[in-house]
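Visitor: Residues 1 to 329, numbered by the numbering used here, are exactly what the sequence shown covers, in order. Each residue gets a CB set at the ideal place from its N, CA and C atoms; glycine is no exception. Have a look at the structure that comes next, please.
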Amino acid sequence: DLMSESFKESYRVLKDNGIMVIIFAHKSTAAWETLINSLLNANLVVTASWPISTESATRIRAQKSAALASSITIVCRKRKSEEEGYFSEVKEELKKKIKAKLDQFWSQGIRGADFFISAIGPAVEVFGKYKRVMKLSGEEVSVAGLLDLVREIVTDYSLEKILHGRHMGKVDEQTRFYLLWRWAYDDNDVPYDDARKLAQALGTEADELLNKKDMLEKKGDKVNLMEPWQRKKNAHLGEPKGGIPAPMIDVIHKACLLWEKGNKQELSEFIENSGYADDDTIWNVAQAISEVLPDGNKEKQLIQGLLASKQSISKDVSSKQGKLGEYFR
């Protein structure tokens, strides 16, 4: 392909101690996979990378797509080593490198889709040092496999930050997906394949969220999250099934809809029967979603209203539970 041929020609004319600088801005991981494969096939190795702000916030908001506010500057040199790496060792080196860079990017205020993409460069710095990276089974690790690992590392890191490290293990996969999507993409349309890979990194499936969970809606080759008022057609939204509580995000959305109706008694009864009446984690998740949504967003306003009612809801639930306890004495 043209990209590979271009990089091979760049390698040919590049001096042994020379550098090649690329500026790349693409939100699709498929495009990044093509770029990285082309570089590695041309025996070029990434030695440094950093994000640079290149888009105005006004333009991004107007696009209604998950546009990047940053371009990634990538510095490449000729690969001089023919060394092979073992995945078990490279994986640890890669995690350490990415974690250090994510700390730096977070402190610089880089967020959302930019944060995901910014982690790719540091990962390739480690991965690209080796002629190939092999698993113990003898299978070569592909660039697609590398990007899947990067996505897992970034999602875990981001959720830990967004939830301020509070009881992340108690948050179900569907709710993690929703929270991370809102943080990364807000209400923008995203290519289906990127949504599928994000869901996979979080232990769930995009098709299930699309077909069974009424959480995603498809628009051509793109998908988007459904907002609370789009989900109210599901009469059983947020209700336990077989004694198992519904995903937290379903409970939060149903609670928002009940709060909007102004039916305090029905809202209190719903929370009481949800399976989360004594669990503050769901309120922490609601707070986290509120924090990642932009000002003026309708869902943010609903969640903030619900959060403002937390004390009175908890009081009502405790009162009912107390009366029930007295009844069975």
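What's the C-alpha gap between Lys15 and Ile22?
Guide: Translated into the one-based positions of the sequence shown, residue 15 becomes position 15. Translated into the one-based positions of the sequence shown, residue 22 becomes position 22. Between Lys15 and Ile22, the C-alpha separation is close to 16 Å.
Visitor: Is the distance from the Cβ of Val317 to the Cβ of Glu272 below 8 Å?
Guide: Residue numbering aside, residue 317 sits at position 317 when the sequence shown is read from its first letter. Residue numbering aside, residue 272 sits at position 272 when the sequence shown is read from its first letter. Yes. Within cutoff.
Visitor: Between which residues of its own chain and Val141 is the CB-CB distance below 6 Å, once the five residues before and five after are set aside?
Guide: Position 141 of the sequence shown, counting from 1, holds the residue named residue 141. Closer than 6 Å at Cβ, skipping near neighbours: Phe87, Val133.
Visitor: List the whole-angstrom C-beta distance separating Pro191 from Lys218, where the pair is believed to meet the contact cut-off of C-beta under 8 Å.
Guide: Sequence index remark: in the sequence shown, residue 191 carries index 191 (1-based). Sequence index remark: in the sequence shown, residue 218 carries index 218 (1-based). Their Cβ separation, rounded to whole angstroms, is 11 Å, which puts Pro191 and Lys218 out of contact at 8 Å.
Visitor: Report yes or no: do the region 111-124 and the region 179-191 share at least 3 C-beta pairs separated by less than 8 Å?
Guide: Judged by Cβ distances under 8 Å, the region 111-124 makes contact with the region 179-191, as three or more pairs qualify.
Visitor: What are the boundary residues of the alpha helix (DSSP H) that Asn224 is part of?
Guide: Taking the sequence shown and counting its residues from 1, one reaches residue 224 at position 224. No alpha helix (DSSP H) holds Asn224; the beta strand (DSSP E) holding it covers 222-225.
Visitor: In angstroms with no decimal places, state the Cα-to-Cα distance between Gly220 and Ser28.
Guide: Translated into positions along the sequence shown, residue 220 becomes position 220. Translated into positions along the sequence shown, residue 28 becomes position 28. Looking at the two C-alpha atoms, the distance is approximately 16 Å.
Visitor: Quick test of the definition: if touching needs 3 or more C-beta pairs under 8 Å, does the region 123-131 touch the region 87-102?
Guide: Segments in contact, yes.
Visitor: I need the boundaries of the beta strand (DSSP E) containing Trp50, first residue and last residue.
Guide: In the sequence shown, residue 50 corresponds to position 50, counting from 1. Counting along the chain, the beta strand (DSSP E) containing Trp50 begins and ends at 44-53.
Visitor: For Phe24, list the residues DSSP reports as bridge partners.
Guide: Residue mapping note: residue 24 aligns to position 24 of the sequence shown, counting from 1. Answer by DSSP bridge pairing, in chain order: Ile72.
Visitor: Which first and last residues belong to the alpha helix (DSSP H) in which Met248 is found?
Guide: Mapped onto the sequence shown, residue 248 falls at position 248. Its alpha helix (DSSP H) spans residues 248-261.
Visitor: Taking all protein chains shown into account, decide if Lys135 is buried (16 or more other Cβ within 10 angstroms of its Cβ) or exposed.
Guide: Here residue 135 refers to the residue found at position 135 when the sequence shown is read from its first residue. Counting Cβ neighbours within 10 Å, Lys135 comes out exposed, since fewer than 16 surround it.
Visitor: Compute the beta-carbon to beta-carbon distance between Leu340 and Lys91, rounded to the nearest angstrom, for a pair I have assumed lies under 8 Å.
Guide: Given that the chain is displayed from residue 1 to residue 329, the structure contains no residue 340 and the question cannot be resolved.
Visitor: According to DSSP, Leu216 sits in a beta bridge with which residue or residues?
Guide: Position 216 of the sequence shown holds residue 216. BP columns for Leu216 point to Leu225.
Visitor: I'd like the span of the beta strand (DSSP E) that includes Gly121, first residue to last.
Guide: Here residue 121 refers to the residue found at position 121 of the sequence shown. Element bounds for Gly121: not the beta strand (DSSP E) but the alpha helix (DSSP H), 120-127.
Visitor: For Asp193 and Leu209, I'd like the C-alpha separation in whole angstroms.
Guide: Reading the sequence shown from its first residue, position 193 is the one you call residue 193. Reading the sequence shown from its first residue, position 209 is the one you call residue 209. Asp193 and Leu209: Cα-Cα distance of roughly 14 Å.
Visitor: Based on DSSP bridge pairs, tell me the residues matched to Tyr11.
Guide: Position 11 of the sequence shown, counting from 1, holds the residue named residue 11. In DSSP, Tyr11 forms no bridge with anything.
Visitor: Helix, strand or coil, according to DSSP, for Gly145 in the structure here?
Guide: Stepping through the sequence shown from its first residue, residue 145 is reached at position 145. It is helical.
Visitor: According to DSSP, what are the bridge partners of Gly85?
Guide: Reading the sequence shown from its first residue, position 85 is the one you call residue 85. In DSSP, Gly85 forms a bridge with Val133.
Visitor: In terms of residues, what are the limits of the alpha helix (DSSP H) holding Arg196?
Guide: As a working note, residue 196 is residue 196 in the sequence shown. Where Arg196 is concerned, the enclosing alpha helix (DSSP H) stretches over 192-201.
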